[in-house]
């Protein structure tokens, strides 16, 4: 029951304060660990001569990278929680609550997307492009206002699952260690899960395992986001229609779930071609362009994210409470 209480407390702290800026974020530490290992794996793989041997080495290196990252990222918080519990149960609870707070990202994502909205309201497109570059993986230099808005809306829609619902799902499933396990997998995907020359083979296994980890949370997120669209008096019917029609158009089996709902709820078109690392990537569009995207859509998707997050806490928290009540 302690993990459920810690999750609820951490969720409330995240909604109220966002990430504590005064403290180094654990995901950044995970990212540093990934970068450290990645350089060594790439260096080792470069010694293999021949295309087939190098591909094999990169695939094996990606698997080894995944194992090393998730092992350390899960074991360290687990051991610290055990140690804290031996000192005092309240210390363990406090540490659990603090980490739950850090592993949830709704308010931080909202704040970063608001920066994009504010720069657009000031008609400062260069600064808006800089702001959106902090939260998306695509190239932003050549984006127009419409492109900036779409990029911001898409990343908030996708990260409703990746940054809030999925971490909450794993925190409630297995406590803080499971939460860190998920964050390690997700961070690896964001750093090495690209289909370019460098990461095509190295990042293949981490990317596939991230797809597996996000499969159920992404679909829970989409269902709850449809409910949120109705509650917020957005276009819930169109959200359902676009979800059924376009959710499989995304290259990711999971990102398209919430992006399709969001496109329908806002009555705009999302996705489409984009540049990554200087190369044009052709992507199908999601949704129907009943109107042009506008800066206010960034605020609308933020509200959609918050409502989805609250619904996920209610649903997943109730499920956890029922399991504890009947089987603990």
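Numbering (this note's numbering), first residue to last: 554 to 881. Beta carbons: idealized from backbone N, C-alpha and C, even for Gly.
Cβ pair residue i, residue j closer than 7 Å
i: residue 590; j: residue 618; result: yes
i: residue 885; j: residue 777; result: Since the displayed the chain opens at 554 and closes at 881, residue 885 lies outside it and no answer follows.
i: residue 660; j: residue 568; result: yes
i: residue 739; j: residue 830; result: no
i: residue 826; j: residue 836; result: yes
i: residue 689; j: residue 708; result: yes
i: residue 669; j: residue 851; result: yes
i: residue 631; j: residue 770; result: no
i: residue 753; j: residue 745; result: no
i: residue 598; j: residue 614; result: yes
i: residue 818; j: residue 782; result: yes
i: residue 801; j: residue 839; result: no
i: residue 775; j: residue 811; result: yes
i: residue 683; j: residue 696; result: no
i: residue 784; j: residue 856; result: no
i: residue 557; j: residue 873; result: yes
i: residue 706; j: residue 854; result: yes
i: residue 672; j: residue 680; result: yes
Reduced DSSP category for residue i - H, G, I as helix; E, B as strand; rest coil
i: residue 670; result: helix
i: residue 829; result: strand
i: residue 708; result: helix
i: residue 824; result: strand
i: residue 839; result: strand
i: residue 738; result: helix
i: residue 834; result: strand
i: residue 791; result: helix
i: residue 599; result: coil
i: residue 804; result: coil
i: residue 658; result: coil
i: residue 720; result: helix
i: residue 557; result: helix
i: residue 531; result: This structure gives no information on residue 531, because the portion of the chain shown stretches from 554 to 881.
i: residue 713; result: helix
i: residue 846; result: coil
i: residue 664; result: helix
i: residue 753; result: coil
i: residue 696; result: coil
i: residue 569; result: helix
i: residue 647; result: helix
Residue i versus the options, residue with shortest Cα-Cα distance
i: residue 623; options: 734, 655, 615; result: 734
i: residue 793; options: 802, 806, 815; result: 815
i: residue 658; options: 806, 730, 710, 796; result: 710
i: residue 563; options: 686, 785, 577, 862; result: 862
i: residue 768; options: 796, 760, 783, 807; result: 807
i: residue 822; options: 834, 809, 828; result: 809
i: residue 616; options: 845, 578, 587, 706; result: 587
i: residue 834; options: 788, 813, 763, 747; result: 747
i: residue 635; options: 878, 611, 728, 813; result: 728
i: residue 726; options: 653, 742, 685; result: 653
i: residue 699; options: 842, 869, 859, 858; result: 842
i: residue 580; options: 871, 561, 742; result: 742
i: residue 858; options: 870, 787, 791; result: 787
i: residue 552; options: 716, 561, 667; result: Because the chain in this structure spans residues 554 to 881, residue 552 falls outside the shown range and cannot be described.
i: residue 610; options: 676, 758, 649; result: 758
Limits of the alpha helix (DSSP H) - the one that residue i falls within
i: residue 852; result: 849 to 880
i: residue 767; result: 757 to 784
i: residue 618; result: 604 to 640
i: residue 811; result: 808 to 819
i: residue 685; result: 678 to 686
Any chain D beta carbon closer than 7 Å to residue i
i: residue 622; result: Absent here is chain D; the protein component of the structure consists of one chain.
Own chain partners of residue i with C-beta closer than 7 Å, once the 5 adjacent residues on each side are dropped
i: residue 720; result: 656, 657, 732, 735, 736
i: residue 625; result: 586
i: residue 687; result: 665
i: residue 643; result: none
i: residue 647; result: none
i: residue 566; result: 654
Sequence-distant residues of the same chain with beta carbon closer than 8 Å to residue i, five excluded per side
i: residue 692; result: 827, 828, 829, 830, 831
i: residue 844; result: 820, 821
i: residue 578; result: 572, 655
i: residue 847; result: 702
Own chain partners of residue i with C-beta closer than 6 Å, once the 5 adjacent residues on each side are dropped
i: residue 638; result: 645
i: residue 866; result: 564
i: residue 621; result: 590
i: residue 813; result: 795, 796, 799, 800, 839
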